[in-house]
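Student: If you want my numbering, it's the 1-based position in the sequence shown plus 89.
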Amino acid sequence: MKSLTQADSTLPQEIVNLIIDEVANNLKPEREALAALRACSLVSKSFHYPSRRYLFSEIKFIADGFAQKRAARLVQTLNRRSNGDLVLNVRSVTFVLDIPPTLIQLRYRYQKKGLRGLFSRWQWQQKFLGVKKRFGLLESRVLKLLEVLDHSELEHFGLVAQAQVLDWGIGNLVTVPAFLQIFSNPNLNSLHFMNITNIPESIITDAFFSTNLKELVLCNLTTKRSSSIFSGATTPALANLLRLEMKRVSYTALFSILIPFLPPSSPSPYSQIRFAHLKTLSVSIPNGSTETDALWEFILGVSPTLETLALEHHGWPDSGLDPVGSFNLSRLVSLRNFKFSSSSFNTSADLESRQSMLTNLLGSATSPTAIETIDILFSLQSVERFKKRHSISIWRTALGWSTMDEKMSSGIFPELQKVNLSVDVFYHDPTFDVTEYRPEYSREYARTILPAVATISTIDFHLDVHSSGYGAHQMGYQLTGANYCLTS
90 MKSLTQADST LPQEIVNLII DEVANNLKPE REALAALRAC SLVSKSFHYP
140 SRRYLFSEIK FIADGFAQKR AARLVQTLNR RSNGDLVLNV RSVTFVLDIP
190 PTLIQLRYRY QKKGLRGLFS RWQWQQKFLG VKKRFGLLES RVLKLLEVLD
240 HSELEHFGLV AQAQVLDWGI GNLVTVPAFL QIFSNPNLNS LHFMNITNIP
290 ESIITDAFFS TNLKELVLCN LTTKRSSSIF SGATTPALAN LLRLEMKRVS
340 YTALFSILIP FLPPSSPSPY SQIRFAHLKT LSVSIPNGST ETDALWEFIL
390 GVSPTLETLA LEHHGWPDSG LDPVGSFNLS RLVSLRNFKF SSSSFNTSAD
440 LESRQSMLTN LLGSATSPTA IETIDILFSL QSVERFKKRH SISIWRTALG
490 WSTMDEKMSS GIFPELQKVN LSVDVFYHDP TFDVTEYRPE YSREYARTIL
540 PAVATISTID FHLDVHSSGY GAHQMGYQLT GANYCLTS
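(1) My parser needs the alpha helix (DSSP H) runs of 4 or more residues fully inside the region 424-495; what are they?
(2) Buried or exposed for F155, please, with buried defined as at least 16 other CB atoms from any protein chain shown within 10 angstroms of its CB.
(3) Which value, in whole angstroms, describes the spacing of the CA atoms of K368 and T458?
(4) Going straight from the alpha carbon of K233 to that of R169, what length do you get?
(5) Would you call P353 buried or exposed, if buried means 16 or more other Cβ atoms sit within 10 Å of its Cβ?
(6) Spatial neighbours of F364 within its chain, please: CB distance less than 6 Å, with the 5 preceding and 5 following residues excluded, ordered by chain position.
(7) Does the Cβ-Cβ distance between V185 and V249 come in under 7 Å?
(8) How many Å lie between Q253 and I545 at the Cα?
(9) Taking the alpha-carbon positions, what's the L207 to D256 distance?
(10) Excluding sequence positions up to five away, which residues of its chain have a Cβ less than 7 Å from the Cβ of S357?
(11) Since L400 and F429 should fall inside the 8 Å C-beta cutoff, what is the C-beta to C-beta distance between them, to a whole number of angstroms?
(12) Evaluate E334 with the Cβ neighbour count: other Cβ atoms within 10 Å of its Cβ, from every protein chain shown; 16 or more gives buried, anything less gives exposed.
(13) DSSP three-state call for S315: helix, strand or coil?
(14) Among residues of its own chain, excluding the 5 on either side of D549, which ones have a beta-carbon nearer than 8 Å to its beta-carbon?
(15) Is P540 buried or exposed, if buried means 16 or more other CB atoms sit within 10 Å of its CB?
(16) Thinking C-alpha only, which one of L440, R485, I362 is nearest A535?
(17) Between the alpha carbons of S229 and S241, how many angstroms are there, rounded?
(18) How long is the line joining the alpha carbons of T294 and I285, rounded to whole angstroms?
(19) Measure the Cβ-Cβ separation of I148 and V176 and say whether it is below 7 Å.
(20) By how many angstroms is the C-alpha of S345 removed from the C-alpha of Q270?
(21) Determine the contact status of Q251 and D187, defining contact as a CB-CB distance below 7 Å.
(22) What does a CB cutoff of less than 8 Å around W490 pick up in its chain, not counting 5 residues either side in sequence?
(23) How is Q270 classed by DSSP in three states: helix, strand or coil?
(24) Look up K233 in the DSSP assignment and say whether it is helix, strand or coil.
(25) Distance check for E244 and I348, CA to CA, integer angstroms please.
(26) Terminal residues of the continuous alpha helix (DSSP H) containing V164?
(27) Since I believe F268 is in contact with L238 (beta carbons under 8 Å), could you give me their beta-carbon distance rounded to a whole number of angstroms?
(28) So with Cβ pairs under 7 Å, would you call S453 a contact of chain D?
(29) Under 7 Å, do A454 and I483 count as touching if we go by C-beta distance?
(30) Within 10 angstroms of its Cβ, does R337 collect 16 or more other Cβ (buried), or is it exposed?
(31) With distances taken Cα to Cα, identify the nearest neighbour of N449 among M497, F467, L424, N426.
(32) List the DSSP bridge partners of H402.
(33) Could you give the distance in angstroms between the alpha-carbon of V542 and the alpha-carbon of H551?
(34) According to DSSP, is G247 part of a helix, a strand, or is it coil?
(35) What does the alpha-carbon distance come out to for the pair S437 and E461?
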């Protein structure tokens, strides 16, 4: 043991740093890299500090019933003198509010039953005061953590409600200066908000007009009116976003927040919301012609630079883009990658309706496009009464495959080089064991699903089929998952 210590002491720190960099950058998956870095941190002091640089570069803080103790430990670690300026190595923070459904439901029970309900107004107020304390929204330890993190060179921050949607007012987050201070961190270039209702318009406005943000994710949000104060120019300029994700939101509501700050235009005000450098746009397909038209006008506005368009269709509640209306892939002249994902029950009618929607989107092109890659994901929920063999036959024999095959193999996509088709089937039947399909199984059926695409030599076609099983509790969670956004 002594010889090992002596050998380590003679190893130049530059070599140690290179070893740590190699471990951090080349190990996959991420869990293996983290495990290796933790092991490196135990070797010696020369390995310890470089390893912790990577280990603390990304922090995912879970605000649950143990938030206070967890925050205290993290603050102590970041502030410990022996760790040096460890907080300066923090680059990414995701703040996850893990709120059990039963606590959220208390509010709605009271509103539904009124004074004759289960709780009186006083009891309700006391209950939610306890909720705030439990999840660290009124306690100094979590706020202290946020204040400490604000001194880091933070590049990414995410505020995510897990399992249930969070009402911004319940958490009283709008009165917490520490959160607002982090949102305005000059180093911040990525900001995520997921599963939050009644978020102040001022926060959304400031994000869209930020001078630093390159990535913005807004998923399952609603807003409430508030004033916005810009710290920069009198007439704000839209952020130089490279990636924008807007899912399960009202596009007309979001865009109406921005339009007053933009030059007047007619007849298409939404097309004036132009992010001059936007490369990637991920959106969910909305309900109704008003929302659909607003989204399409916005897409046209950013089309000169848009290279990747991802459309998500979720089936609970149902939404539609059929007929497609004014949507036309040919007008997206810079588009190179088209992605479509959809969730539905594994029944012929549900799956074929999703296939029809995709076919309409592909068929909207009236002239040859420059699209090089098409990614398709169908996530199917199989109800308990359908046995495994029946479920397999349903998606395989769906009528929409042939039409999709015809569209993608036509001359309308002359630059198409790659097609990725993924089918994920979830079985609600705990009586049998369902494992992932073998890769050979997927290749066996590739030519039967999209035969024309599979035989074109210039197209790399990949079919990926997975299946997994859930019991009653897990299946219910999965169905609920279609209505809010998930974070890994």
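Even for Gly, the Cβ is constructed at its ideal location relative to N, Cα and C.
Tutor: If we stick to the structure as given:
(1) Runs found: 437-452, 477-485.
(2) For F155, the number of other beta carbons within 10 angstroms of its own is below 16, and it is reported as exposed.
(3) Approximately 17 Å between the Cα atoms of the pair.
(4) When rounded, the distance between both Cα atoms is 15 Å.
(5) P353 comes out exposed.
(6) So the qualifying residues of the chain are L327, L330, V391.
(7) Against a cut-off of 7 Å, the Cβ pair of V249 and V185 comes out as a contact.
(8) In a straight line, the C-alpha of Q253 is about 46 Å away from that of I545.
(9) With a pLDDT of 46 at L207, under the threshold of 50, the predicted position of this residue should be treated as unreliable, though the coordinate-derived value follows. If you take the alpha carbons of L207 and D256, they lie about 21 Å apart.
(10) Result list for S357: E386, in chain order.
(11) Rounded, the Cβ-Cβ distance is 5 Å, consistent with contact.
(12) It counts as buried.
(13) Shown here, S315 sits in coil according to DSSP, grouped into three states, outside any helix or strand.
(14) So the list reads Q506, K507, V508, once near-sequence residues are dropped.
(15) Looking at its Cβ environment, which holds fewer than 16 other Cβ atoms inside 10 Å, P540 is exposed.
(16) Ranking the options by Cα distance to A535, first place goes to R485.
(17) About 19 Å.
(18) Straight-line Cα distance between these residues: approximately 16 Å.
(19) Not in contact: I148 and V176 (Cβ atoms no closer than 7 Å).
(20) Taking the straight line from one Cα to the other gives about 25 Å.
(21) Yes. Within cutoff.
(22) So the qualifying residues of the chain are Q444, I538, L539.
(23) For Q270, the secondary structure class from DSSP, reduced to helix, strand or coil, is helix.
(24) Helix.
(25) When only Cα atoms are considered, I348 and E244 end up about 28 Å apart.
(26) Judged by DSSP secondary structure, V164 falls within the alpha helix (DSSP H) whose first and last residues are 156-168.
(27) About 11 Å; that fails the 8 Å criterion.
(28) Any reference to chain D falls outside this structure, which holds one protein chain only.
(29) The answer is no: Cβ separation not under 7 Å.
(30) So R337 counts as buried.
(31) With distances taken between Cα atoms, N449 lies closest to M497.
(32) DSSP lists S431 as the bridge partner or partners of H402.
(33) Their backbone Cα atoms lie some 10 Å apart in a straight line.
(34) Correct three-state label for G247: strand.
(35) Separation of S437 and E461 (C-alpha to C-alpha, rounded to the nearest whole angstrom) is 30 Å.
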